[in-house]
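Chemist:
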Amino acid sequence: MSTAAATDWEKVFEDPKSGLIARIEGAKNNANLPDICCAVVEKLYKRRDDARLRDRYRDKITQIFDADRPTDDKLAETVAILREIKQDRIIRAGKKRKARSLEQTLQEYDDTAAQLFADLVLEELQNVLDLLSDGIKPVAKRPLPYFVSPAFGDHFKEIVRTDFMPELQIFNRREIAAAEDLPPNERAAALKQAFEELQFREKFFSAWKHVWSNLTEQHAPPDKPERKRQGFMESLKSQLLGDPEFDDSMTIEEWQEAVALNTKRNEKAKAIWARIAAPSDDYVAPTDAERDFLGGLIVHPYEETQQTIEKLTQMATDKAPASVFTKFQDGKDIDLALLLASMRYPKLFIAGNGGYLKEIMRGFKPGERRLLFPRVDQYLFDEAADKAAAKKESGPTSFRVSLK
């Protein structure tokens with residue numbers, strides 16, 4: 001889609017022939033002028049974030065026309081409000097131009113703040129991968145699940161660098177630009193300090209979720225706009241507003257461009273996910289069903305997970321009754337912690353087709369286990385054994401992974 005030219009708000013409002021103020025002044029004897037002025041406000045402040053200003057200006061206009069005063073006085077006050085709105089639009093346009101300028105400036109950063117930011121993001125991702133794979137080795141010569149595999153980690157980081165980083169940099173352009181203004185020897189420390197601040201991390205995690213969705217998921221196209229027959233008031237507003245840039249609704253042509261852009265983005269997302277999830281002899285690659293799980297790993301609360309792993313390991317060491325585990329896990333999501341504990345300490349949890357994991361899973365039917373512990377079920381239990389056990393109605397299921 002081509003980039004639209006910037007709106008000349010001075011001309012939109014002040015042009016003596018086609019400007020908004022000239023049109024309002026020319027319609028001063030129209031009985032519907034108050035409604036038309038309010039319609040202008042609603043068109044210019046249509047977004048949810050504009051509600052406060054929209055209500056403020058609409059109330060002002062209503063109060064002006066409700067007052068028992070000469071029409072020329074009412075019109076003069078209304079024009080003053082329109083000029084106030086004009087200034088607001090000019091300020092907003094300036095902010096948008098500045099934001100676009102920041103995005104363009106990012107393209108000029110090479111081994112400076114933008115590159116330092118990329119390095120810190122990849123360092124953050126590596127820290128997550130290290131936490132996941134800590135103490136885990138292949139079991140029974142089987143490939144490791146992707147999220148604990150160093151080979152997958154290297155593969156994934158390269159895709160993040162080449163495909164995700166440009167969008168992540170745009171979302172965090174202000175921090176990057178601020179670091180770029182510092183002396184070169186201070187930039188890395190400033191960005192690293194930012195990464196340690198809660199507010200920045202929350203912003204970064206929000207950006208990551210958005211970019212992950214954009215670059216790996218399929219999105220529905222926008223709804224086709226309806227062509228509606230205009231009533232008297234709509235016709236008046238169209239004549240008054242004239243220029244289609246005042247209308248936030250899509251034209252058919254804009255919709256067609258948006259659909260084409262959405263198709264292109266979906267094709268890109270499909271290709272990126274195919275690269276991420278490509279089969280490998282070195283690890284068990286992620287499935288389509290694990291897309292959200294993989295995308296959420298970088299924002300997972302790992303300190304809490306580590307504490308849970310330690311508690312589960314202590315239970316296994318003490319051979320605590322299954323009822324203790326059942327009470328502990330009730331209402332919690334400990335699927336990842338239980339899987340990591342089992343893979344870090346296989347002799348405790350999964351040795352010899354038994355172990356503590358099998359003991360604590362006795363109280364869960366296969367369907368319950370798949371619901372509460374999807375990752376444990378996927379990587380440590382054997383579906384065929386589940387079916388066999390169901391037919392015999394006896395005994396717990398066997399493990400896919402076992403240590404002799």
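Note that the numbering used here gives residue 82 to position 82 of the sequence shown, counting from 1, and the numbers run on in steps of one. Don't be surprised by glycine CBs; every beta carbon is placed ideally from N, CA and C.
1. Buried or exposed, going by whether 16 or more other CB atoms sit within 10 Å of the CB of D288?
2. Once the 5 residues before and after Y302 are set aside, which same chain residues still bring their CB inside 6 angstroms of it?
3. Taking Cβ positions, are Y345 and A316 nearer each other than 8 angstroms?
4. Are C38 and T78 touching if we call contact CB-CB under 8 angstroms?
5. Is the beta carbon of Q364 sitting closer than 8 angstroms to the one on V299?
6. So, at 8 angstroms on beta carbons, what are the nonlocal neighbours of R161 in its own chain, with the 5 sequence-adjacent residues on each side left out?
7. Got a sec? Which residues, its chain only, sit under 7 angstroms from K28 by beta carbon, not counting five neighbours each side?
8. Within 8 angstroms, do at least three Cβ pairs link the region 146-155 to the region 182-200?
9. Distance check for Y57 and I64, CA to CA, integer angstroms please.
10. Could you tell me the alpha carbon to alpha carbon distance between A188 and E180, rounded to whole angstroms?
11. Mind checking who P145 pairs with in its DSSP beta bridge?
12. If you draw a straight line from the C-alpha of P145 to the C-alpha of T313, how long is it?
13. Could you please give the first and the last residue of the uninterrupted alpha helix (DSSP H) stretch that includes G19?
14. How would you write the range of the alpha helix (DSSP H) that A190 sits in, first residue to last?
15. For the putative contact between P286 and L297, defined by C-beta atoms under 8 angstroms, what is the C-beta separation to the nearest angstrom?
16. So is K358 buried or exposed if we call it buried at 16+ other beta carbons inside 10 Å?
17. Given this structure, state the Cα-to-Cα distance separating R54 from D35, to the nearest angstrom.
18. Around the C-beta of E175, are 16 or more other C-beta atoms found within 10 angstroms, so that it is buried, or is it exposed?
19. Under the rule that 16 or more other beta-carbon atoms within 10 Å means buried, what is A4, buried or exposed?
20. Taking 8 angstroms as the cut-off, decide whether the C-beta atoms of D318 and V376 are in contact.
21. Could you check the C-alpha separation between M361 and A322 for me, to the nearest Å?
22. Beta-carbon within less than 7 angstroms of L338's beta-carbon, same chain only, minus the 5 sequence neighbours each way: which residues are those?
23. Could you spell out where the alpha helix (DSSP H) holding D119 opens and where it closes?
24. Is D111 buried or exposed, if buried means 16 or more other CB atoms sit within 10 Å of its CB?
25. So what's H300 in DSSP terms, helix, strand or just coil?
26. Less than 7 angstroms between the CB of E253 and some heavy atom of the ligand SAH, yes or no?
27. Note down, in chain order, each residue of its chain lying with its Cβ closer than 8 angstroms to the Cβ of P16, except the 5 sequence neighbours on either side.
28. Would you identify the three-state DSSP class for E290, choosing helix, strand or coil?
29. If contacts are defined as beta-carbon pairs under 8 angstroms, then V211 and E167 qualify, I think. What distance do you get, rounded to the angstrom?
30. Is it true that the CB of F156 sits closer than 8 angstroms to the CB of I276?
31. Between the beta-carbon of N262 and the beta-carbon of P225, is there less than 8 angstroms?
32. Compare the Cα-Cα distances from W273 to each of I61, E217, F349 and report the closest residue.
33. I'd like to check one pair, V41 with L20: are the Cβ atoms closer than 8 angstroms?
Modeler: Working from what's here:
1. exposed
2. L131
3. yes
4. no
5. Checking the sequence, you will find Phe at residue 364 rather than Gln. Contact flag unset, no.
6. A118, L122
7. T71, L75
8. no
9. 11 angstroms
10. 10 angstroms
11. V284
12. 21 angstroms
13. From DSSP, G19 is part of no alpha helix (DSSP H); its letter is neither H nor E.
14. 184-195
15. With 8 angstroms as the limit, P286 and L297 do not qualify as a contact, their Cβ atoms being about 10 angstroms apart.
16. buried
17. 14 angstroms
18. buried
19. Per-residue confidence for A4 stands at a pLDDT of 47, beneath the threshold of 50, marking its modelled position as unreliable; the derived number appears in the next sentence. Under this definition A4 is an exposed residue.
20. no
21. 8 angstroms
22. L312, F373, V376
23. 113-133
24. With a pLDDT of 49 at D111, under the threshold of 50, the modelled position of this residue cannot be trusted, and the question is left open.
25. coil
26. The model on display carries no ligand, and the ligand SAH is accordingly not part of it.
27. A22
28. helix
29. 5 angstroms
30. yes
31. no
32. E217
33. no
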